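Undergrad: Here it is, the structure, as structure tokens.
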Amino acid sequence: MTQKFLDKVYDARDADETRTLYDDWSASYDAEVSSQGYATPGRCADALARFMKDQTLPVLDFGCGTGLSGLALKLAGFATIDGVDLSEEMLAKARAKRLYRTLTVIEADAPLPVTPGDYAAIAAIGVIGAGAAPISVFDDLMKALAPGGFLVLSLNDHALQDRTNEARLCEWIDCGAARLLFRESGPHLPGINLNSNVYVLEKN
Ligand SMILES: C[S@@+](CC[C@H](N)C(=O)[O-])C[C@H]1O[C@@H](n2cnc3c(N)ncnc32)[C@H](O)[C@@H]1O
């Protein structure tokens, strides 16, 4: 199979170009990443399930794409999942999976339509870093949680190359605004030898 999008997704681009890329990728995304063993959604969902005991509480799947992350959350036991994403076409694929309570298109520069306390947990799976959302999103997601809320996220090898990405997590942890519950390196897309770190943070 030709790696039509994985060959170029990690190049830098702005939000409009990112949306266009994912709109164009939506039809073949699931097949392409699955063929490379996309493992991060399952790792993130299992990590969150270790800490969030009431799995009936709502979870926001930020950058839900076609719903592979929502599927992993469902398989890990989470019952109530909302999804948001930049790309209308990716969301259309997610809608067809019938996993989500709601699915909403968002703009990259608009405030997240979330009030702290709406979600017991937020997931940003395969979303932050080169080829997707900037690290400023991490601050927005932390601010969208109430104290005691969980954020599960991944940073792949490309995202980890830019030290400022993981450093942003440390800023929250080091000043006591969040607690790091889990950090683990493992496979992301093993077919192309790409790994990721999975993190679970609890907001203080
Ligand atoms: C690699 S896909 C991951 C999708 C899904 N979470 C998964 O694990 O399959 C990245 C997704 O993030 C979305 N995205 C990128 N930048 C975003 C932003 N600033 N806000 C919301 N979604 C964004 C893209 O449209 C795309 O659907």
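Here my numbering = 1-based position in the sequence shown + 1355.
For every residue, glycine included, the Cβ atom is placed at its ideal position computed from N, Cα and C.
Note that the structure is a prediction, hence the values are computed from the model and not measured.
#1: Pick from MET1407, ALA1400, VAL1460 and GLU1443: whose alpha carbon is nearest that of ALA1431?
#2: Measure the alpha-carbon distance for CYS1419 versus ALA1447 and round it to whole angstroms.
#3: Name the residue from GLU1443, MET1445, TYR1474 and GLU1462 whose alpha carbon lies nearest to the alpha carbon of VAL1507.
#4: Under 8 Å, with one C-beta from each stretch per pair, do the region 1375 to 1392 and the region 1433 to 1446 reach the 3-pair mark?
#5: Out of ALA1478, ALA1463, VAL1388 and ASP1512, state which residue places its alpha-carbon closest to the alpha-carbon of SER1491.
#6: Let me check you understand the geometry: is the CB of ASP1440 closer than 7 Å to at least one non-hydrogen atom of ligand 1?
#7: According to DSSP, what are the bridge partners of LEU1508?
#8: In angstroms with no decimal places, state the Cα-to-Cα distance between GLN1516 and VAL1553.
#9: Considering only DSSP beta bridges, list what ARG1538 is partnered with.
#10: Skipping 5 residues on each side, what residues in its chain have a beta carbon closer than 7 Å to that of SER1540?
#11: Exposed or buried, ARG1374, counting other C-beta atoms within 10 Å across all chains shown (16 or more means buried)?
TA: According to the structure shown:
#1: ALA1400
#2: 11 Å
#3: TYR1474
#4: yes
#5: ALA1463
#6: yes
#7: ALA1479 and TYR1554
#8: 15 Å
#9: TYR1554
#10: ASN1550 and ASN1552
#11: buried
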